[in-house]
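Participant: Under numbering that gives the first Met the number 0, the first residue of the sequence shown carries the number 0, and numbering increases by one thereafter.
Idealized CB from N, CA, C, for every residue including glycine.
Here the structure is a predicted model, which means the values were calculated and not measured.
Encoded as structure tokens, here's the structure I'll be asking about.
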Amino acid sequence: MKKRGIEDMDLVMVDPWCVGYHSEVDAPGRRLAKPLLFCRSESDCPMENGYARPVEGIYVLVDMQNMKVIEFEDRKLVPLPPVDPLRNYTPGESRGGSDRSDVKPLQIIQPEGPSFRVNGYYVEWQKWNFRIGFTPKEGLVIYSVAYVDGSRGRRPVAHRLSFVEMVVPYGDPNEPHYRKNAFDAGEDGLGKNAHSLKKGCDCLGYIKYFDAHFTNFTGGVETIENCVCMHEEDHGILWKHQDWRTGLAEVRRSRRLSVSFDGKIEAEVKLTGILSLGALMPGEYRKYGTMIAPGLYAPVHQHFFVARMDMSVDSRPGEALNQ
């Protein structure tokens with residue numbers, strides 16, 4: 000690490016990525032990890048993006064079951080990307096700029112309260128009703144979705160809805176990026192990495208929050224307060240028609256109910272803006288990536304979302320159809 004200009008090991012960040020399976024050496028019977036290394040420029044600075052300074056050229060294989068380093072190789076000396084405050088999470092003033100002042104406050108109010116009703120984790124909205132659940136791997140889970148259809152009564156629609164996996168394969172054949180093939184739900188957990196939401200930022204308007212409870216890896220109970228938020232949104236024009244003969248115009252607006260923890264119920268996924276980056280030698284160019292700053296590039300990659308939909312449209316009790 001000293002060869003790379005790193006004197007303080009407290010500045011080093013270690014992300015233990017699962018090895019995947021490339022050959023028999025990867026031994027599927029053991030819990031192995033090939034960590035990725037990064038280096039901060041300041042210790043315990045919450046505003047610094049340490050992922051903007053990857054430490055490359057070092058190969059490590061770790062047995063996670065026994066917490067032992069099995070293999071270690073210093074394969075290539077790649078300089079650390081330079082320190083640049085523009086890559087951090089800091090506000091504009093601390094970067095020599097200023098925040099915009101031409102955007103005025105936008106307030107969302109419902110003088111008569113929301114249209115939804117909540118009893119514990121059971122939700123009723125217009126003619127819809129469902130239950131909200133949460134798991135450490137999937138995050139938000141919607142159960143027992145039904146529609147109340149006049150004289151026909153309650154009509155089941157879905158037994159269970161969730162995202163069970165997000166696979167992120169990287170397309171750069173260079174070390175170490177070729178082996179990046181993250182299963183974000185199965186290997187890491189979409190739910191357990193969620194955070195407590197803050198009013199006025201993640202959710203707007205009249206908000207109902209739900210806490211998430213789940214067991215951690217030691218068997219204890221873990222709680223994330225205000226992990227899921229629910230609110231109503233104006234969703235633009237539902238339909239509009241004008242009769243050119245009479246000049247009469249009719250407009251109906253659309254309203255939707257949003258239940259989210261890091262994204263939206265309609266599966267609109269929000270990005271964090273943080274990439275898994277790679278370091279470059281001076282003057283180096285990578286075909287399978289995009290240079291985003293001096294000495295720093297983003298390898299090409301994809302996101303595949305896997306949805307689990309246990310449908311039960313007009314089903315009898317106990318029936319479900321997996322999609």
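Would Pro-155 pass as a contact of Ser-253 if the rule is Cβ separation under 8 Å?
Facilitator: no
Participant: Can you tell me the Cα-Cα spacing of Tyr-287 and Lys-33, whole angstroms?
Facilitator: 21 Å
Participant: Determine the closest residue to Lys-75 out of Asn-173, Asp-233 and Phe-182, with distance taken between C-alpha atoms.
Facilitator: Asn-173
Participant: Quick check on this structure: which residue in Tyr-284, Gly-282, Gln-301 and Pro-281 has the alpha carbon closest to the alpha carbon of Leu-274?
Facilitator: Out of Tyr-284, Gly-282, Gln-301 and Pro-281, Gln-301 has the C-alpha closest to the C-alpha of Leu-274.
Participant: In or out: Ala-248 buried (at least 16 other Cβ within 10 Å) or exposed?
Facilitator: exposed
Participant: Just to confirm my understanding: we take Met-12, look at its own chain, exclude 5 residues before and 5 after, and list those with CB closer than 8 Å. What are they?
Facilitator: Leu-36, Phe-37, Cys-38, Arg-39, Gly-49 and Tyr-50
Participant: Distance check for Gly-218 and Lys-191, CA to CA, integer angstroms please.
Facilitator: The alpha-carbon atoms of Lys-191 and Gly-218 are separated by roughly 14 Å.
Participant: Report the option in Val-68, Val-77 and Ala-292 whose CA atom is closest to the CA atom of Lys-1.
Facilitator: Val-77
Participant: Buried or exposed: where does Met-229 fall if 16 or more other Cβ atoms within 10 Å of its Cβ makes it buried?
Facilitator: buried
Participant: CA-CA distance, Arg-160 and Ile-5?
Facilitator: The question names Arg, yet the displayed sequence has Leu at residue 160. So the two alpha carbons sit approximately 47 Å from each other.
Participant: How do the region 179-191 and the region 135-144 stand: do at least 3 beta-carbon pairs fall below 8 Å, yes or no?
Facilitator: With the cut-off at 8 Å, the region 179-191 and the region 135-144 touch.
Participant: If you reduce the DSSP assignment to three classes, tell me which class Pro-84 lands in.
Facilitator: helix
Participant: For Ser-22, which three-state DSSP category applies?
Facilitator: coil
Participant: Going by DSSP in three states, Glu-123 sits in which element: helix, strand or coil?
Facilitator: strand
Participant: Touching or not, the region 112-123 and the region 203-215, by the rule of three or more beta carbon pairs under 8 Å?
Facilitator: Because the criterion of three Cβ pairs below 8 Å is met, the region 112-123 and the region 203-215 touch.
Participant: Which class does His-158 belong to by DSSP, given the choice of helix, strand or coil?
Facilitator: strand
Participant: How far does the beta strand (DSSP E) with Trp-16 in it extend, from its first residue to its last?
Facilitator: 11-17
Participant: How many Å lie between Asp-245 and Trp-124 at the Cα?
Facilitator: Per the sequence presented here, residue 245 reads as Thr, with Asp not at that position. If you take the alpha carbons of Thr-245 and Trp-124, they lie about 37 Å apart.
Participant: Would Arg-86 be called buried (16 or more neighbouring beta carbons within 10 Å of its own) or exposed?
Facilitator: buried
Participant: With a CB to CB cut of under 6 Å and the five nearest residues on each side skipped, what residues in its chain are close to Asn-128?
Facilitator: Ala-145
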